[in-house]
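Visitor:
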Amino acid sequence: MSNPQQLRYSKEHEWLSATEDGVATVGITEHAAGALGDVVFVQLPEVGDTVTAGEPCGELESTKSVSDLYAPVSGEITEVNQDVVDDPALVNSAPFEGGWLFRVRVTEEPEELLSADEYTAFTGE
Amino acid sequence: MSDSPRHTALDAVHRALGATMTDFAGWEMPLRYGSERDEHNAVRTRAGLFDLSHMGEITVTGPQAGELLDRALVGHLSAVPVGRARYTMICEESGGILDDLIVYRLGTEEYLVVANAANAGVVLDALTERRDGFGLPEAAVRDDRDAYALLAVQGPASPGILASLTDADLDGLKYYAGLPGTVAGVETLIARTGYTGEDGFELFVAPGDAETLWSALTEAGADAGLVPCGLSCRDTLRLEAGMPLYGHELSRRTTPFDAGLGRVVKFDKPGDFVGRAALEEAARKAAENPPRKLVGLVAAGRRVPRAGYAVVGADGAVIGEVSSGAPSPTLGKPIAMAYVDAGHAAPGTEGVAVDIRGTHEPYEVVALPFYRRER
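For the protein sequence lines, the chains are L and B, in the order given.
Residue numbering for the first sequence follows full-length UniProt numbering, starting at 1 and increasing by one per position.
Residue numbering for the second sequence follows full-length UniProt numbering, starting at 1 and increasing by one per position.
Structure (structure tokens):
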């Protein structure tokens, strides 16, 4: 699988878009979606919530397990993807596109975000 | 025993198909090949092919084979006609369940006992010890775990698929029956059993023949939409069908009566059997004053209950515990089996919820099973 070059990645398998006007889009990677299996429920932070880099901010349920969703950066939630709340399978079918999870006004970025190539190496694929 | 995982005769096939593998009772087994939801739906509407070679086979033979099984298990196995099978259990003296089993009567003096992978050693040891304890030297207990690979083809299209590969009389083969035959040129014990709630077959073959049979079934089933299926969808299929799973609904701490499966205990068979006294007491208690009952729960929302989660009543007090839970592809909602206090076990009981990581999610109490196929 190919991880889009223009994105950055966390070791908790979130991707982060480039920041425009201070806002970045967050999702989980195809690698993570594949490992979870069919995602059946997502619990996302609410607009206005403050999230902290590396801290849980939601949940992803699949057939067999539930996993925490981590914030890859700190900031304030400006938008959540209602489409993915209504149809969690988007996380599996389009993890880098229609399956995005939330947008966040970034106040702080951790230094350890990975490039696409570094993330690919990290997942060993 | 080594800690390294065991591999079935079909391991290379699974890897070539790109299966996600998982450790299961010391075996590396396919969890899913693609989407577990698609695999589940294939079994409900078309057909699925499973590798179940991790299941434990034990052969019991000899003039005292029937007597041994009657005394060691809760069922009346000597009364089972040749060619038929029974769902039964092996219990402790205390009535606790050591394992649930399917026993095929292959001949007048030959039975095949199929145990869960995790319990195969326990069952083998118990049968051997009980044989010696009862003084039944003419019952031979043989470990046949390495003698068989087990494939299952399940789903409404499975009779047609199998019929194209065998001359065996499948129409004459009833549910819970098994007969030896040839499938795709391979000597096979063909059994009309399964764990999915659908019509289907379990095929016991020599491990060396497993790939041949898998390939033949894959080819024969291609037009009918047969897909390879992993253990993940096997679990959601059996849960929808209300079938218990050892380690979840069944354990040493539960009796068959606790699990609502008292019908498998045959008190009217001749002679004593291990657990009889305790099970008579359990039967009386279940009839008069059951502490908890196994029920079905269907979610109003979308959060999934997991084994071990608390079930709570209208006042928030704990009234039970989830034994198995999963999103149901057929119902489109999360479902669970749960042990709940008898006072809350009636279908439609108001105010029942599951504590999902601190949030009380409303659930409807329903009768099991969640899904029953049309016949």
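Glycine residues also receive a C-beta, built at the ideal position from the N, C-alpha and C atoms.
1) Which residues in the same chain as Glu109/B place their Cβ atom closer than 8 Å to its Cβ, once the five residues preceding and following it in sequence are excluded?
2) Does any CB atom of chain D fall closer than 8 Å to the CB of Asp21/L?
3) So Ala326/B contacts chain L; which residues on that side make the cut at Cβ distance below 8 Å?
4) What's the call for Lys293/B, buried or exposed, on a 16-neighbour Cβ count within 10 Å?
5) Can you name the residues of chain B whose CB is closer than 7 Å to the CB of Asp38/L?
6) What is the DSSP secondary structure of Phe122/L, reduced to helix, strand or coil?
7) Rounding to the nearest angstrom, what Cα-Cα distance links Thr330/B and Thr196/B in this structure?
8) Using 10 angstroms around the beta-carbon of Ala147/B, count the other beta-carbons present and answer buried if the total reaches 16, otherwise exposed.
9) Counting only the same chain and skipping the five closest in sequence on each side, list residues whose C-beta sits under 8 Å from that of Gly27/L.
10) Cβ of Ser323/B less than 8 Å from any chain L Cβ?
11) Could you name the residues of the same chain whose beta carbon sits closer than 8 Å to that of Arg372/B, not counting the 5 residues immediately before and after it, in chain order?
12) Got a sec: which bits of the UniProt domain "Aminomethyltransferase C-terminal" (292-371) of chain B sit with their beta carbon under 8 Å from any beta carbon on chain L, in order along the chain?
13) Can you tell me whether Thr48/L is buried or exposed, with buried defined as 16 or more other CB within 10 angstroms of its CB?
14) Using the three-state DSSP reduction, which class does Arg252/B fall into: helix, strand or coil?
15) Return the residue from the list Tyr363/B, Glu28/B, Gly320/B and Gly332/B that minimises the CA-CA distance to Ala300/B.
16) Please confirm whether Phe41/L has its beta-carbon closer than 8 Å to some beta-carbon of chain B.
17) Output, in chain order, the set of chain L residues within a Cβ distance shorter than 7 Å of Thr236/B.
18) With a threshold of 8 Å between beta carbons, is Arg32/B in contact with chain L?
19) Cα separation between Arg6/B and Ala25/B?
20) Can you check whether the CB of Gly316/B is closer than 8 Å to the CB of Asp341/B?
21) So, for Leu77/B: in the same chain, excluding its five sequence neighbours on each side, which residues have a beta-carbon less than 8 Å away from its beta-carbon?
22) Return the chain-ordered list of same chain residues with a C-beta closer than 8 Å to the C-beta of Val365/B, the five sequence neighbours on each side being excluded.
23) Checking 8 Å against the spacing of the C-beta atoms, do Phe201/B and Val153/B come in under that value?
24) Please name the residue or residues paired with Met89/B in a DSSP beta bridge.
25) Name the two residues that bound the continuous beta strand (DSSP E) containing Lys293/B.
26) From the DSSP output, in three-state form, read off His360/B for me.
27) For the 8 Å Cβ check, are there 3 or more pairs between the region 231-238 of chain B and the region 38-56 of chain B?
28) How long is the line joining the alpha carbons of Thr52/L and Thr22/B, rounded to whole angstroms?
29) What are the start and end residues of the beta strand (DSSP E) that includes Glu129/B?
30) Should Ser323/B be labelled buried (16 or more other beta-carbon atoms within 10 Å of its own) or exposed?
31) What does the alpha-carbon distance come out to for the pair Arg263/B and Ala287/B?
32) Give the DSSP-derived three-state secondary structure of Trp100/L in the structure shown.
33) Please classify Val304/B: does DSSP put it in a helix, a strand, or coil?
34) Measure the CB-CB distance between Leu368/B and Gly221/B and report whether it falls below 8 Å.
35) To the nearest angstrom, report how far apart Arg238/B and Leu245/B are at their CA atoms.
Guide: In this structure, then:
1) Thr61, Gly62, Pro63, Ala65 and Gly66
2) Protein chains in the displayed structure are L and B, and chain D is not among them.
3) Thr63 and Lys64
4) Buried.
5) For Asp38/L, the residues of chain B that pass the 7 Å Cβ criterion are Ser35, Glu36 and Arg37, in the order they occur in the chain.
6) helix
7) 12 Å
8) exposed
9) Glu14, Trp15, Val91, Pro95, Phe96, Gly99, Trp100 and Leu101
10) For Ser323/B, the answer is no, since every Cβ of chain L falls outside 8 Å of its Cβ.
11) Gly197 and Ala241
12) Arg302, Arg303, Val304, Arg306, Ala326, Pro327, Pro334 and Arg357
13) A small fix is needed here, since residue 48/L is Gly in this sequence, not Thr. The residue in question, Gly48/L, is exposed, as its Cβ has fewer than 16 Cβ neighbours within 10 Å.
14) Here Arg252/B sits in coil by DSSP.
15) Comparing Cα-Cα distances from Ala300/B to each of Tyr363/B, Glu28/B, Gly320/B and Gly332/B, the minimum goes to Tyr363/B.
16) yes
17) Thr63
18) Contact of Arg32/B with chain L is assigned, a C-beta pair being separated by under 8 Å.
19) 9 Å
20) Not closer than 8 Å, so no.
21) Contacts found: Gly66, Leu69, Asp70, Arg86, Thr88, Val103, Arg105 and Tyr111.
22) Val295, Gly296, Leu297, Val340, His344, Ala345, Ala346, Pro347, Gly348, Thr349 and Val352
23) yes
24) Residue pairing by DSSP places Met89/B opposite Asp100/B in a beta bridge.
25) DSSP places Lys293/B in the uninterrupted beta strand (DSSP E) bounded by Arg292 to Ala299.
26) strand
27) Taking 8 Å as the limit for Cβ pairs, the verdict is that the region 38-56 of chain B does touch the region 231-238 of chain B.
28) 33 Å
29) Element bounds for Glu129/B: not the beta strand (DSSP E) but the alpha helix (DSSP H), Ala120 to Phe134.
30) With at least 16 other beta carbons inside 10 angstroms of its own, Ser323/B counts as buried.
31) 12 Å
32) coil
33) coil
34) no
35) 8 Å
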